[in-house]
Amino acid sequence: MKTQKDGRSPKKKPAANPAGRLRAKNGGTKKSLTSKKTGKRTGIRKAAHGKNRAQETAGRNRAETGLKEAVDAVLKQSRIAESFFSHTLSLAALLDRDFNFIRVNEAYAKADGRDVSEFPGHNHFEFYPSDAKEIFERVVEEKKPYQIFAKPFTYPRHPERGITYWDWALVPVLDGSGEVEILIFVLHDVTEHKRVEKALELKNSVFDASIAANSIADINGILTEVNDAFLKQWGYDNKDEVIGKPIPFFLARDEEATAILGSLSARGVWEGDYTARKKDGSTYFAHGTATTLWDENGNPTGYQSSVIDVTERRQAEEKARHLNQELEQRVAERTVQLKKVNESLKEEVGERKRAQDALHLSNQRVIDILESIQDGFLTLDRDWRITYINQRAAQNVGFAPEELIGESMWEKFPEILGTEHEAHYRRVMEERTPLDFEITGVLTPGTYNIRVYPTPEGISIYWLDISERKRSEEEIKRLNQDLQAHALELEAANKELEAFAYSVSHDLRAPLRHVAGYVELLLKNAPSLDEKNQHYLQVVSASANRMGILIDELLNFSRMGRAEIRKTLVHMEELARETINDLRMETAGRDIVWEIAPLPPVYGDRSMLKLVFTNLIANAVKFTKPQAQARIAVGFLPHPSTPLVPAGHSPRPAKAGWGETEGGGEVTYFVRDNGVGFDMQYADKLFGLFQRLHHADEFEGTGVGLANVRRIIHRHGGRIWAQAAVNEGAAFYFSLPRDPLRLEKNDDDAG
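Taking the working numbering, I'd label the letters of the sequence shown as residues 3 to 753.
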């Protein structure tokens, strides 16, 4: 739908013949005949009637379409306005004509530390009384927008922020009768811009007001800025004659220009005398200093130089030389002495100037460092007046640095008087010995480490906020105490658990022995029992035996958590083959293909690691029973990122380093089979006590073995995990820390 430039929909054209007239053949009009009851026209042919009805319907459809497009456009503009109002970084508020808040955006509320819900129903000048009320009233009266730039403002609730500067605009929105219905108030914080602007003005004023000829050039040595002293010294009328010319253009000797630029390129600084060429071609002697300018990334961006005319000094030196020659002729015996004195004086003057320049540069670097650190630093003279304070320190005490320089410490901060601060500061001032102490802040909350040093002018004070460190130390101390208490509780619980395990073992074994014994007697002495009752007795006997095995497994599990680890060099391949040999009774008569890779040795408890292999290999034997041909592989991963090897495939050959990780910290072994596998969604239950993924009728077991394996691996500082799929086999992986020093020592001993 087309819109006018003001965003409104164009007015609809009136329908043809609004007065109800019909166009005659001669171009005129004639009145239609209309029935009073039905309102239908008469005297017109039926064909014309049908045509008019179609036109009316089409017109209505176009009108409805235009109305819908207009509504959609308004809704779209509304959504855009709502999105802008909610998400703009500028502060925005809607006021009624009496300056009551209707709504504010998140940025507006956040700037005052309030919630957006606190504003509606309150008057703007209730929160922010100021002289701007007259401006607001004039906007309502004149119905015209008002803008103001860099308006200073202090938050009534936050005086600690000091003065902030704002660009803001007040825009009236008129209703249908032309009266102000709503005021849109939009603000933007320009405080930082104002600060930068002032700093730039100060820098420019210093640059321009200097009596020395100052200039700035880009990295190619082309002048980009000069001050008035430069124009005067070289005899130019305006900057246009100078800007854009290279540095050598203003020197009389090419070799001097080459030396200056070479020094700047190599060392970043240059200082010395040279011969300058003025606009009129005349020359003079100049003394200059130049430094390289760098950006925040440490890349050179150009050069800055300062030059003074030393022609008179050079002429004076030349005149002195002539006088010295005359004196040499008159007083030969004193010539050598005067020459030595003069040369010594020149050297001393040059050395002093160089020292002064170096001191100035060093002082500037120190100031730059002090301004960049995040800790407070200030200096006091012997009259207790502040001679320097860095930005961080000034912010901590709520002032700008320029508000404190030259002020008395005690007058500016009387709350320090009578505190430990004053005592320590006076002690250093009087005794001239450094002092380091911690104290809770008087001017600002928190704990600080304060260092006070004597200086030739007075003292310097450096303070570091250690509140967070103190809180961390207290928290660590508390956690250590809790940990010690928990360790004692855990030790007591372990002792109780051990006693309980032995007690349960003893108390359970006796009844089980009785049950098993009596069942055996019944089976021998009751031949008259029918087959069904004998089956019941056999089930009881088997259950009692299984209960005994379970008790033994639990005791082993309990002992494994307390047993001392006795580490030796363990040859894992030998251990795996020994385990397979121990299981020959279980594997007798079965078709099993064994794949045993050369396994790297580790340093650990051999008996415990033997139990790991026994459980994992026995599980592989058990869960491959349904397979016509079982395939069981024992190997290791040459690298942690080695992909899993499908069951039934040979492991990758070993690489140099015996399968250690890139950091040489651990080696990973695996036992893999092509058995029934399991669903990985239940993998978290594998290593839990009494957790089984298969029914006891399918595969025997107590649910303790893998829990014991995990405990052994964890006690060795390793990890264990598994990968499987239903009916596609399973692979169990365990990693053990590798002790390279002990392994190498054992390798040497074996050799």
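Note that CB positions come from ideal geometry on N, CA and C, so glycine has one too.
Quick caveat: nothing in here was measured; it's all calculated off a predicted structure.
Does DSSP put residue i in a helix, a strand or coil?
i	result
Phe155	strand
Tyr238	coil
Ser212	coil
His289	strand
Asp177	coil
Ile567	coil
Ala733	strand
Gln393	helix
Gly130	The question names Gly, but residue 130 is Tyr in the sequence shown. Note: Tyr130 maps to coil in three-state DSSP.
Leu419	coil
Gln331	helix
Asp484	helix
Ala630	coil
Thr446	coil
In angstroms, rounded to a whole number, what distance separates the CA positions of residue i and residue j?
i	j	result
Arg279	Arg255	9 Å
Glu754	Val728	Lying outside 3 to 753, the shown extent of the chain, residue 754 is not represented and no answer is given.
His89	Asp191	16 Å
Phe103	Ser92	17 Å
Tyr538	Pro513	18 Å
His716	Gln631	34 Å
His160	Val244	51 Å
Leu481	Arg713	27 Å
Phe87	Val118	13 Å
Gly591	Leu490	54 Å
Ala268	Ala215	24 Å
Gly707	Thr670	20 Å
Leu233	Ile221	22 Å
Asp169	Gly178	30 Å
Pro131	Ile150	17 Å
Lys247	Glu84	54 Å
Met411	Glu273	40 Å
Ser543	Glu588	22 Å
Asp681	Asn535	39 Å
Pro458	Ile262	38 Å
Thr389	Ala152	31 Å
Arg453	Gly164	29 Å
Ser346	Lys241	42 Å
Ser265	Glu320	28 Å
Going by beta carbon distance, what residues of the same chain come within less than 7 Å of residue i, once the five residues before and after it are set aside?
i	result
Arg316	Phe287
Gln486	none
Leu96	Ile104, Arg105, Ile184 and Ile186
Leu585	Ile619, Ala620 and Val623
Trp337	Per the sequence shown, the amino acid found at residue 337 is Thr instead of Trp. For Thr337, where only same-chain residues beyond five positions count, the Cβ hits under 7 Å are Leu329 and Glu330.
Contact defined as beta carbons within less than 8 Å: I believe residue i pairs with residue j. What is the distance between those atoms, to the nearest angstrom?
i	j	result
Asp311	Gln235	6 Å
Val604	Val572	6 Å
Thr193	Thr156	About 11 Å; that fails the 8 Å criterion.
Tyr450	Trp465	5 Å
Gly408	Arg387	6 Å
Arg608	Asn676	Contact doesn't hold; Cβ gap of about 29 Å is too wide.
Asn398	Thr446	5 Å
Ala395	Leu380	5 Å
Lys135	Val182	With 8 Å as the limit, Lys135 and Val182 do not qualify as a contact, their Cβ atoms being about 15 Å apart.
Based on the DSSP output, what are the partners of residue i in its beta bridges?
i	result
Tyr305	Ala219 and Thr294
His190	Asp169
Pro248	Ile224
Tyr455	Ser462
Pro739	Glu668
Thr381	Tyr390 and Ser462
Trp723	Tyr735
Trp412	None, per the DSSP bridge assignment.
Starting from the C-beta of residue i, find all residues in its chain whose C-beta is less than 8 Å away, skip the five residues before and the five after it, and write them out in chain order.
i	result
Pro147	Val141, Ala171, Leu172, Val173 and Pro174
Leu295	Ile218, Pro302, Thr303, Gly304, Tyr305 and Gln306
Ile478	none
Lys612	Leu577, Glu580 and Thr581
Glu297	First, the amino acid is wrong: residue 297 is Asp here, not Glu. The answer, listed in chain order, is Thr303.
Asp781	A question about residue 781 goes unanswered here, because the residues of the chain that appear run from 3 up to 753.
Ala109	Thr90, Leu91, Ser92, Leu93 and Ala94
Whose C-beta lies closer than 6 Å to the C-beta of residue i among residues of the same chain, with five residues either side of it excluded?
i	result
Leu601	Met574, Glu575 and Phe638
Phe734	Leu618, Val673 and Ala724
Gly460	Leu382, Asp383 and Arg384
Pro122	Phe103
Val595	Arg633
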